[in-house]
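Structure, as structure tokens:
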Amino acid sequence: AQTVTQSQPEMSVQEAETVTLSCTYDTSESDYYLFWYKQPPSRQMILVIRQEAYKQQNATENRFSVNFQKAAKSFSLKISDSQLGDAAMYFCAYRSSSYTGANSKLTFGKGITLSVRP
Amino acid sequence: DGGITQSPKYLFRKEGQNVTLSCEQNLNHDAMYWYRQDPGQGLRLIYYSQIVNDFQKGDIAEGYSVSREKKESFPLTVTSAQKNPTAFYLCASILSGGSNQPQHFGDGTRLSIL
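Quick note, the sequences are listed as chains A and B, same order.
Per the numbering used here, the first sequence starts with residue 419, numbered consecutively.
Per the numbering used here, the second sequence starts with residue 12, numbered consecutively.
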């Protein structure tokens, strides 16, 4: 079974600075998908960024980018030019590329609460 | 706009009572999921369904039941057998065949014990 670990329960960043959120995972599969979701106080789950394991290039979405290290099974999220609206809980998630049956589910880490200081 | 609608937003359950959480989607997605979120636990899968009239247990199905009579709807019943139902419940869906597509989530239902 796959597992996702987010070892830092909380982090804080100064507005306009850069912060990196860590995530490691364990799997025996060679092809899979990784996601970062943001959950603000409204509790809505918002997709931030996704990465296909077969792609060597790290995904980027505006101020958000990932550092995907497949051999190390590491998938960190970098937020540049942090804004007050980035304050939220962030979840790292894994999904098998074989999306039949239970493989189609997302396996989540426990999340990290990010606060942004003005 | 297409999306997933969960209702109610807040729900209270009395001892020994069954309650049903609604999840409706108009995204024409095939697969639907129910997750439970507890503080410090992340999200855990309760049940999932990949086609109409078929559903499977997830990691924490005990005390819950579901039905999938229509493609758009996947209601979750929290039975009296679930001794610790207080949590935030999220419904999600995905278009089967879109293998790199992310799951879409509803806005959730907060269930509490009276």
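Beta carbons are placed, not taken as given, at the ideal position from N, Cα and C, and that holds for glycine.
Comparing alpha carbon positions, the residue from B:D70, B:P86, B:K82 closest to S76 (chain B) is B:P86. When DSSP states are grouped into helix, strand and coil, G51 (chain B) belongs to the coil group.
Scanning B:R24, B:N37, B:T90, B:S123 for the CA closest to the CA of S104 (chain B) turns up B:N37. A residue is called buried once 16 or more other Cβ atoms fall within 10 Å of its Cβ, and P113 (chain B) is buried on that count. Residues of chain A whose Cβ lies closer than 7 Å to the Cβ of G119 (chain B) are, in chain order, R461. Residue contact check for L56 (chain B) against chain A: a CB pair falls below 8 Å. Scanning its chain for C-beta atoms nearer than 7 Å, with the 5 sequence neighbours on each side dropped, one finds around P427 (chain A) the residues I530, T531, in chain order.
By the criterion of a C-beta distance shorter than 6 Å, Q469 (chain A) is surrounded in its chain by L452, A477, V484, F486, once the five residues flanking it on both sides are discounted.
Counting other Cβ atoms within 10 Å of its Cβ, P96 (chain B) reaches 16 or more and is therefore classed as buried.
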